[in-house]
Structure formats: structure tokens, C-alpha cells
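With the first letter of the sequence shown counted as 1, position 163 gets the number 166 in the working numbering; the numbers rise by one all the way through. Glycine included, every Cβ here is placed at the ideal spot set by N, Cα and C. One structure is given here, and the rest of the page talks about it.
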Amino acid sequence: AGSFIGPNGMTFDKDGNVLICQHGNRRIARRNKAGVLTTLVDRFEGKRLNSPNDLVFHSSGALYFTDPPYGLIKQDEDPKKELPYNGIYRLQDGKLTLLNKEMTRPNGIAFSPDEKWLYVANSDAARKVWMKFPVMDGGTLGPGSVFADVTAEQSEGLPDGLKVDAKGNLWATGPGGVWVFNADGRHIGSIKPTEVPANCAFAEDGGVLWMTARTSVYRIKLK
Numbered sequence: 004a005g006s007f008i009g010p011n012g013m014t015f016d017k018d019g020n021v022l023i024c025q026h027g028n029r030r031i032a033r034r035n036k037a038g039v040l041t042t043l044v045d046r047f048e049g050k051r052l053n054s055p056n057d058l059v060f061h062s063s064g065a066l067y068f069t070d071p072p073y074g075l076i077k078q079d080e081d082p083k084k085e086l087p088y089n090g091i092y093r094l095q096d097g098k099l100t101l102l103n104k105e106m107t108r109p110n111g112i113a114f115s116p117d118e119k120w121l122y123v124a125n126s127d128a129a130r131k132v133w134m135k136f137p138v139m140d141g142g143t144l145g146p147g148s149v150f151a152d153v154t155a156e157q158s159e160g161l162p163d164g165l166k167v168d169a170k171g172n173l174w175a176t177g178p179g180g181v182w183v184f185n186a187d188g189r190h191i192g193s194i195k196p197t198e199v200p201a202n203c204a205f206a207e208d209g210g211v212l213w214m215t216a217r218t219s220v221y222r223i224k225l226k
């Protein structure tokens, strides 16, 4: 009670396995085609991760993911929290690297089409922002900057899951619905289903957007 123990972000690897961010188990699990679950990563420098939330592959094969404390009952104050920060990580060739530890609630994560930028949602009611980090040679991240700030918005919902389309527009769940920003951070539109969605995904070559909410799944055809 008090924590979010279920699975969160998911993606496929190049072999068709499903990688699952498991809050309660505090790991990223790999489910193969036979349905067998194994641990991909659950520790950094010997300490347990908080509760991996969302993940995305780089074309190099590196896996980037966020690790907020939502799977812990008292979150940052939970005695079971072994890491003093909420990080952004890169897993490559079995090596886990901490890329950033400055965000309070790193959540949704996605690359720009050219992979020069990494977008990360901050699902903190006190600072509802999407950050933008330059991807450096070698795969590390440069200093981040605020891409968009909706802290003043009073509608239900926080920056959560996100995706980037082929034109570089960011589609991000947040207060009231899905916010659509162009690559310059200008808000160009919103989608507001009956419930506030927490995550989204494209289908049909970007012609359809799927959205998940607390009790339902929604889809909409895009222009």
C-alpha cells in the first residue's frame, strides 16, 4: 500500500524480447518469446535501483532508462531506498553508467530522430517540466535545459510517458492530456481523451496514437 508496484514502461529489444520496467521488483526484466522472465539490471554499484520507470534504445544498442522512487512506499524517504538520487542511466555491453542525478522525478524518455537530444519528463507536481539533454560522443549526456514547463497548469496529470515522431515533434502526456510540442518547444496542440493518459505510443507508421489511462486504452487517428 502506498507504492506503485506494477510494471511501467516497456519496449522490445532487437531479438523481439520484451523489456519491462518493474516498479515493485525494482528492476528491468526481460521476457523472452517463451514467456520466461529474467533480470536484465537491478543494481548500480552494488546498490538496488529505486524503481525503473521508462526506457528507450539508442541505435548503438545502448539502453537508456529512468529510475524514480515510485515503487517505494515513502519514496525518497523510504528506508529501503539505497541510492540517494533518482537517476538517468545507460546500460551498454553489461555496464551500467549513471548519466544524470539532478532530476527529482525522471520519468518518460525518448530520443530526437537524429539522436542528438534526449528528452526526459519530470513527473513532479512542484516542477512539471520536460528536460532536453544533448547526447555527447560516447553516449553520455551534457547539461540539460528545460524544453517545456507546465508547472502552472492546474489540470489533473503530470509529465509522464512520451514519444517523438519522425518530424521531431514531442508527444507527451501531462496535465489534462497529451501535449504536442515542435522541436523548438512550441506547444502546437493537445489531445484530451475522457481520462488523463499516462503513456502513449504510435502505430501505423505514425498515423495513429494509442494512449493508456487508469481504466481504459484510447486511440486516435492523426492528421
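Grouping DSSP H, G and I as helix and E and B as strand, with all else coil, what is residue i?
i: Q25; result: strand
i: D117; result: coil
i: Q157; result: coil
i: D127; result: strand
i: D79; result: helix
i: N202; result: strand
i: V39; result: coil
i: A186; result: coil
i: D232; result: Beyond the ends of the chain as shown, which are 4 and 226, falls residue 232; an answer cannot be given.
Could you spell out where the beta strand (DSSP E) holding residue i opens and where it closes?
i: T197; result: Run containing T197: none; DSSP gives neither H nor E here.
i: T107; result: T107 -> no beta strand (DSSP E), and no H or E assigned at all.
i: Y221; result: 220-224
i: A151; result: 148-152
i: L212; result: 211-215
i: G12; result: 10-15
i: G142; result: Segment: none, G142 is in no beta strand (DSSP E) and carries neither H nor E.
i: A175; result: 173-177
Measuring CA to CA, which of the options is closest to residue i?
i: M139; options: G179, N89, S63; result: S63
i: F7; options: G209, I76, S219; result: I76
i: G147; options: P116, M106, A169, N56; result: M106
i: D45; options: H26, F205, T218, D187; result: H26
i: P87; options: M214, L101, V132, V153; result: L101
i: R130; options: D163, F114, N103; result: D163
i: F60; options: A169, W182, G142; result: G142
i: A169; options: F205, T176, L144; result: F205
i: K17; options: K36, P109, K166; result: K36
So, at 6 Å on beta carbons, what are the nonlocal neighbours of residue i in its own chain, with the 5 sequence-adjacent residues on each side left out?
i: N185; result: N172, I191
i: R33; result: N20, L22, T41, L43
In chain order, what residues of the same chain lie with their CB nearer than 7 Å to the CB of residue i, ignoring the 5 residues before and after it?
i: A216; result: P196, E198, V199, P200, A201
i: G210; result: K224, L225
i: V149; result: V132, M134
i: E85; result: K50, R51
Enumerate in chain order the residues of its own chain whose CB-to-CB distance from residue i is below 8 Å, with the five nearest sequence positions on each side excluded.
i: G179; result: E156, S158, E159, G160, S193, K195, V199
Validate contact between the segment 42-49 and the segment 123-137 using beta carbons, cut 8 Å, 3 pairs: no
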